[in-house]
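All residue numbers in the sequence shown are consecutive under the numbering used here, ending with 2589.
The C-beta atom is built at its ideal place from N, Cα and C for all residues, glycine as well.
Note that this is a predicted model, so its numbers are computed, not measured.
These notes are about the structure you will find just below.
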Amino acid sequence: MRKVTFSLLALLVSALAPAQEFRATISGHVYDASGAAVPNAKIEAVNLENSETTNATSDTGGNYTLPFLRPGNYKMVVTAPGFKTYNRENLVLEVGRLIGIDVSLEVGQLSESVSVTAEAALLETQTGSRVGVVNTIQVSELPLNSRNPFMLGSMMSGVTFRGAAIWQRPFDNGAIAEWSVNGGRQSNNEFLMDGAPNNAQMGNNNIAYVPIVDAVQEFSVQQNSYDAGYGKTGGGVFNVVLKSGSNEHHVTLWEFYRRRWLDANTYQNNSVGLAKPAHELDQYGWQFAGPVRIPKILRKDGPVKLFYLGAYEGYREVWPQFLRNSYAAPEMRTGDFSRLRNPSGEPIIIYDPVTTQFAANGDPIRTPFPGNVIPQNRIHPVARAVTGFMPAPNATTAGVRYAQQNVLNPDYSATDKFYNLILKFDWNFGDNHRMFMRHASNDRTEDRCVNGICAGPGTDGQQPFQRINDAYVLDYLWTINPSTILNIRASNNRFVEKGFGAANDGFDLTSLGLSPALVNQLPAPRYFGRWNFYDAATGTTNQYSPLGRYQGVNITNSYNLFANLTKIIGSHTIKLGYDLRRTHYLLQNTGDILRLDARPNWTQRLWNQAEPNSGDAFASFLLGGVDGSVNYPVFPFFRNWYSAPFVQDDWKVSRKLTLNLGLRWDLNFYPDEKYNRVNRGFNAQEASPIANQVPAAMLAMYPQLRSLTGNLQFAGVNGNPTETGKRDWNNFQPRIGAAYQLNDKTVIRGGYGLYYLNPNNNWQEVTGFQNNTPVINSQDGGRTLIPNLLTNPFPSGINTPVGSTLGGSTFVGQNFNWFNGNMSIPRFHSFSFGIQRQLGQSSTIELSYVGSRTRGANTERDFNIPSVDFRRRCNLQEGGSPNFCNELIPNPFQGVAAFRGTEFFTRDTLSRFQLARPFPQFNGNLQERGRGESSLNYNSLQVNYNVRAGRGLTLIANYTFSKTIERFGYNDPYNNVMQQGLYFNDRPHFVKFSTVYELPIGRGKKFGSGINKWTNGLIGGWQVSTFSQIASGEPNDLPNNVIQLRDPRTKGGDFTGDFGWKDHQVKGFNPCVLRQFNDGSIRPQQFSLDRGCGTDTANYAWLRTADYAPRYTPFRSGQIRKQSLFNMDVALSKTVEFTDRIRAQFRLEAFNATNYYFYGRNDGFNTNPDSPLFGTVFPNQGNTQNGYPRQFQLGIKLFF
């Protein structure tokens, strides 16, 4: 019944109702020379490109409003009896702008006229909102890498892009969505195209469709919007408006060209003396636009007009991808690790997990293999077979661990093939009825190797990877009367993403020596599998390159309906609106069906403590020491409703003061799964059925198990709702903005707006419907390895999905995450206050305080952890002992049928720590997501200087001084201590500068205005365009298992405090680390001694803590920052006019024109206090995705 009521409400209100408006509005007063209002004046705005005409009449107070004006060049005419006709020519309207134009009429005859020539209105007198606009000239002329219009957002103050530098292409839908606006969370923005939603669900909040830049009329970013018509954002609103056909036919053809000879070499290649890699890029296309003429039906001067626009762009690229991989050296593959060394040249010892001595506390201490060589008869045949698919080393790299970065392919190039298509029709049925229809689609296919195995089984790359987009919109505008306008828009977006390593398909796993009994149980038995080699007992950092990749597919379908009724009542422009959306999100990812992970822990000296010079993942693999799992996938079909009625009143209180008052009500419901195959949280109080299955003897030993609680919950079961979270009915969002015009040149503006973020479907869990069977590799908690494990790591069989049928017994003996169904939708508070001043005829400067507060955002906490009092008995810093918690005690769950397929079923013992958990029947921390405890505080000073086409110069320059503080995650979940510190993309100083400048040389220019046609063809028509940005570095992460003893910037060891960012090894902070062992002893790390720290512990900056210690450091520190950002793109163009209608433009563009190697996006200083590379970074090993070399691009555009 509730769904029916909700649907009826949607239909009723949609008769009133949109939201996001991309068209402009002109409003103002008409008055005479004495300042008295002129009622009943006729105001007409005519689009000079397609003759669209919009009319209004001033009321008794002289007020008028002309809404829904498509961005473009207009003529404005005002007439009134007894007054001269007012003509305003060349009035440029930009996307979404609210323009204030007051008209002073002179007494006279209508046949007389007064003409005013103006371009874009400069001052924002009608709104407190802050909107950054990129006009048509800038869109078409600025150097735009890969011609992706969304990257124009980088020009705006308060807007930070953090995607990979090379992935800014029109098909990099995920990377190009990584924006933070005014301190909002990254990737939590709203993307619009022609006012219609343009988001995809995958990757948190991807952009669904990226249009062809030549088809773009204008681009804008709503940095602070106080209009209730906008919602679903935790930062900003990005809006792209496409062009329409005009009264004349126009054709544009283009080709943009890059080749190896136009590129600078990569920093990585230069560092090792290699030649430039191959690079080929062709980006070509065409665009046709104009009127549709049909005799007697669609005439040039007829009341019905139809315009068309069609555009196509192809993209073909072979782009350099320096493959730098790590594989075991040839002698290591036969068990010989005698040459294995750390970066300091010290030997790394391989220990035998089955030859054990025991320390006084009972812990096993392993003995080394003689000569560091594993005997041939100890190498597992499956490991030997998998090793055969690894490429042979072809290089050595200085300054790294032996057998690291030893398979190099600097000449490798990935390939991309992409097409993009737009078809658009604008239909005007007289002046009162207008409609446009648009279809847009594109398709991208990538072939990109990752691990150096570029053909055949074992490949770990996007081979192939596809993204397919389709976007449709139908928009209808009805001017019921001059004061009443109805706009209805329907749209649909479909976004498909799929990728896999096709060469792994069809592989016979039994050929590796895996048991047929295992292979036959796999849901996809003929696939190579996934083989990882990690550098620690926990975590997912690769020590050697992985093998294999499974497929992943996700599909987003978005169905949207908007309606907007605008009523002009005197000085009030009132909008009643409704925004209705239905999203379908299909996940068809198989996950890693068979995943086996090797780690150093089986060949290190101490079974439970890593040491820099003991153990190796590949050595463990040769011995058959793996963990991992089999994943039995499910393909969920998530669906959610979003609806938002709103009202907005733009009130012209007086000629000087305008108020923007709005209220929006978001009904943004958490998704459901079409077949209820989804979890609905975790009930910590509900009695567990396991209590009745534990043997009586064990209940006598552990009486607390009699009252065992904690059960996974399921949607639609036992009275649970089908939606994965509660419905918030109180998400009201007030909006208030104000603009006060002090004088003709100065405006004071500001406002406040509350927004609610878009909940992420990726938070949802399908535990039970998708089952996971973990590897059981030890019966004593990792002390000793089960023999011959690798032949069949799952001797008890594979767990198949059981759905919700097991109730509270679901996933016992295993670990899982769950989503808090009571989480409220996160809130985003946006506010600003500033002064805008016009300078001259074409420029403005604005000084603003801009802030935001994000509240109730998602954070995570370990839920299944013992009490803090118990933790104290484990933590050396609190007087405890890790050995106490590591001690093995009898396993009460051994042999209990519900635990079959997990180590709880087979093990004799479990650790004391495990059985002290509040829910000991589950093996792990049971991370709770969606706690709604995270927050962000952002404060900034923003200075914006704009020049709009003044004397051939268009300029946007801005400076942002800001600080973003984040409260996220737990330093100590036992004590509920959250961390608070700098946000990861905090950049205190950010300067941006973009220009389009027509050189004042040639016919009609300041210099050479009288030259002849042929001379003008040589020296006239030149233009320079630039975009530059400079920013502080991001804060570097800090290690999470240390105590900071001194300022990390303090000189120590080989860290002098002075370094160059292009040094072979950049040493960023103090390397002096003390190590606390589980027995309480403290000794310097060996690498610290090697780096000159000495034995005086007073000089040490860090203490590496023992097991069970909480985190004592914040997540990151402003004391240590990554590399600063600098980038400059430049374009030089020459336009040659052959006739009045035919011209050509030749372009030379340089991206990263200064060849500044920026690797600081993700490549910060090493934060592993057990690594000899602690506190350093190697620029020559940086990822080329972050810093690409200078690339020149040649282009030609033909206009007819």
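Residues near residue i in its chain [Cβ-Cβ closer than 7 Å; skip 5 each side]
i     : result
M1390 : Legend: pLDDT at M1390 = 40, less than 50; position of this residue unreliable, value from coordinates given subsequently. Hits under 7 Å: none found.
I1857 : D1832 and V1885
L2562 : P1732 and N2555
N2488 : G2441, C2461 and C2482
V1771 : L1901, G1902, L1903, L2179 and T2180
K2115 : G2210 and N2211
Y2059 : N2029, E2112, T2113, G2114 and P2148
H1769 : L2011, L2012, G2013 and L2179
T1756 : Y1740, D1741, T1744 and Q1746
Candidates the options: closest to residue i by CA position
i     : options                       : result
S2323 : R1574, I1526 and L2315        : R1574
Y1740 : N2002, T2502 and G1489        : N2002
L2299 : G2397, D2361, I2278 and Y1808 : I2278
N2326 : N2374, N1893 and F2308        : N2374
Y2021 : P1914, I1958 and G2051        : P1914
S1546 : Y2144, L2236, N1809 and P1428 : L2236
Y2348 : Q2331, N2360 and N2364        : Q2331
D1805 : S1535, N2335 and S2193        : S1535
L2427 : L1480, R2438 and A1718        : R2438
S1609 : H1668, M1540 and N1562        : M1540
Q2082 : N1524, W1650 and A2287        : A2287
N1672 : P1764, Y2363, H1822 and F1645 : Before going on, a small fix: residue 1672 reads as Gln here, not Asn. Comparing Cα-Cα distances from Q1672 to each of P1764, Y2363, H1822 and F1645, the minimum goes to F1645.
T1514 : S1493, W2152 and G1489        : G1489
R2392 : V2525, N1949 and L2344        : V2525
Per-residue DSSP class, three states only, for residue i
i     : result
I2278 : strand
Y2091 : coil
V1599 : coil
R1649 : helix
K2586 : strand
F2220 : strand
D2447 : coil
T2180 : helix
L1936 : strand
W2152 : helix
E1637 : coil
P2568 : helix
P1428 : coil
Q2303 : helix
W2403 : helix
P1680 : strand
A1404 : Residue confidence for A1404 is low, a pLDDT of 33 falling below 50, so the modelled location carries little weight and cannot support an answer.
T1899 : helix
T2295 : helix
Residues near residue i in its chain [Cβ-Cβ closer than 6 Å; skip 5 each side]
i     : result
Q1910 : I2187
D2518 : P1532, F2416 and F2540
I1877 : Y1865 and A1952
F1550 : S1543 and W1568
A1399 : Since pLDDT at A1399 reaches only 37, below the 50 mark, its modelled position is unreliable, and no value is offered.
L1985 : W1920, V2015 and G2017
Residue i beta carbon near the ligand NAD (any heavy atom closer than 6 Å)
i     : result
A2089 : Within the structure as shown, the ligand NAD is missing, as the structure has no ligands at all.
Residue i - partner residues in DSSP beta bridges
i     : result
F1825 : D1815 and D1864
S2470 : For S2470, which the question treats as bridged, DSSP gives no partner whatsoever.
T1468 : K1431
Contacts around residue i, its chain only, beta-carbon distance under 8 Å, and the 5 residues preceding and following it disregarded
i     : result
R2579 : D1652, A1653, A2539, F2540, N2541, A2542, T2543 and N2544
Q1557 : N1534, S1535, N1537, M1540, A1564 and I1565
- prompt: Which runs of the alpha helix (DSSP H), 4 residues or longer, sit entirely within the segment 1564–1591?
  reply: none
query: What alpha helix (DSSP H) runs, 4 residues minimum, are completely inside the segment 1949–1997?
result: none
Every unbroken beta strand (DSSP E) inside the segment 2013–2067 [3 residues or more]: 2015–2021, 2026–2041 and 2046–2054
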